[in-house]
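S.K.: Residue numbers (full-length UniProt numbering): 1 to 336. Every residue gets a Cβ at the ideal spot worked out from N, C-alpha and C, and that includes glycine. Please read all numbers here as calculations on a predicted model, not as lab measurements. Here you go, one structure.
If you want it as structure tokens, here you go:
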């Protein structure tokens, strides 16, 4: 059986510069000056760390464009799907979605996309204001309104909801270890008994389009706290909307995430499910990093855990009706 070709090495600045120079036919404007090293072509700079775990090689191109290059064929499939999906969701969302300038292959079978920059900072740089929470509510509402059939036709996969019962069991084990390391108070999980995990199971027919990557770096936030865009749609799936509520809890804090989800029309069940997905996930990620099994920076993971565990009024589930995600729920409003 013939061997698959080895993936190409990471693109160099020269590779990126040659590619974008051929794409920006109009020449260099004020946002695309000559390279800082004196070579001809636009100034290019890598964004963060190199691609890993199915991510992308991402480069700033001047001040107006960003280039993403798939490192392998699986990532290339996701990137091509994203290009189609962005056109579908753009009309449904009140926030910006990146617009492509050009796309193609930078190596055999490996896709690139050159996009215009969505102006603004990130949720790691700017706090989301009350008006920004309304922007997030509009995002969640828009995602729910994207026709699932159309998204599926574009190749967006359906993903089964995660078992919150299983996740809780792992979190309980992990919390004890983190408690021994003075990283977390395991008593926090007393708010989440086994019966609550059972009550927060996903209801039938609740699947929607889920961004599945609403990290702080993927939310474009202005200095005034307004949310102006959402980046990187490569991980989008049809599935559990609580996953995006969980993502927002980690990115902007649990109170803001729950307020946004409530404004979007989600009831107690998905809000609480998203809250506890985020809380369990952040415990597991921090423990993995402490064990050397996750390369995430410890300060960022501790910050994310703190956001997910911020207290909200809606904390303990005492009874949930199962006929609709939008039904009211009787809850214990005590603080933890």
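1) Which residues mark the beginning and the end of the beta strand (DSSP E) in which residue 228 is found?
2) Could you pull out every residue in the same chain whose Cβ sits closer than 7 Å to the Cβ of residue 86, ignoring the five residues on either side in sequence?
3) Starting from the Cα of residue 308, find the closest Cα among 145, 274 and 14 and give me that residue.
4) Pick from 45, 69, 241 and 159: whose alpha carbon is nearest that of residue 60?
5) Mind listing, in chain order, the continuous alpha helix (DSSP H) runs of no fewer than 4 residues lying wholly within the stretch 134 to 218?
6) Kindly provide the ranges of any alpha helix (DSSP H) runs that are 4 or more residues long and lie completely inside the stretch 225 to 291, ordered along the chain.
7) From 74, 312 and 71, pick the residue whose C-alpha is nearest to that of residue 256; which is it?
8) Determine the extent of the beta strand (DSSP E) in which residue 100 is found, giving its start and end residues.
9) Since residue 287 and residue 298 are thought to touch, with beta carbons under 8 Å apart, how far apart are those beta carbons, to the nearest angstrom?
10) Quick check on the burial criterion: 16 or more other C-beta atoms within 10 angstroms. Buried or exposed for residue 47?
11) Excluding sequence positions up to five away, which residues of its chain have a Cβ less than 6 Å from the Cβ of residue 240?
12) Around the Cβ of residue 149, are there at least 16 other Cβ atoms within 10 angstroms (buried) or fewer (exposed)?
13) In chain order, what residues of the same chain lie with their CB nearer than 8 Å to the CB of residue 143, ignoring the 5 residues before and after it?
14) Specify, as a first and last residue, the run of the beta strand (DSSP E) that residue 67 falls within.
15) If you follow the alpha helix (DSSP H) that residue 14 is part of, which residue opens it and which one closes it?
16) Count the other C-beta atoms from every protein chain shown that fall within 10 angstroms of the C-beta of residue 254, then say buried if there are 16 or more, exposed otherwise.
17) Taking 7 Å as the limit between beta carbons, can you name the residues of its chain near residue 146, skipping five residues before and five after?
18) Where residue 336 and residue 166 are concerned, what is the direct C-alpha to C-alpha distance, given to the nearest angstrom?
19) In whole angstroms, give me the CA-to-CA distance for residue 197 and residue 164.
M.R.: Taking the structure as given:
1) Where residue 228 is concerned, the enclosing beta strand (DSSP E) stretches over 227 to 230.
2) Excluding residues within five positions, the ones whose Cβ falls inside 7 Å are 97, 98 and 233.
3) Between residue 308 and the set 145, 274 and 14, the nearest pair of CA atoms involves 274.
4) The residue with the shortest Cα to Cα distance from residue 60 is 45.
5) Counting only runs of 4 or more, we get 148 to 153, 164 to 180 and 194 to 199.
6) Entirely contained in the stretch 225 to 291, the alpha helix (DSSP H) runs reaching 4 residues are, in chain order, 242 to 252, 254 to 263 and 268 to 290.
7) For the options 74, 312 and 71, the alpha carbon positioned closest to that of residue 256 is the one of 312.
8) Residues 100 to 107.
9) Contact between residue 287 and residue 298 does not hold, since the beta-carbon distance rounds to 11 Å and is not under 8 Å.
10) Classification for residue 47: exposed.
11) So the list reads 161 and 202, once near-sequence residues are dropped.
12) Under a 10 Å Cβ-count criterion, residue 149 is classified as exposed, with fewer than 16 other Cβ atoms of the shown protein chains found around its own Cβ.
13) Around residue 143: 89, 92, 93, 208, 209, 210, 211, 241 and 244.
14) Note, residue 67: beta strand (DSSP E), 65 to 69.
15) 13 to 23 is the span of the alpha helix (DSSP H), which, as asked, contains residue 14.
16) Buried: at least 16 other Cβ atoms inside 10 Å.
17) Cβ neighbours of residue 146 beyond the five flanking positions: 88, 89, 92 and 209.
18) Note that residue 336 scores a pLDDT of 36, beneath 50, so its modelled location is shaky; the value from the coordinates is reported in the next line. Cα to Cα, the separation comes out at about 23 Å.
19) Whole-angstrom Cα-Cα distance: 6 Å.
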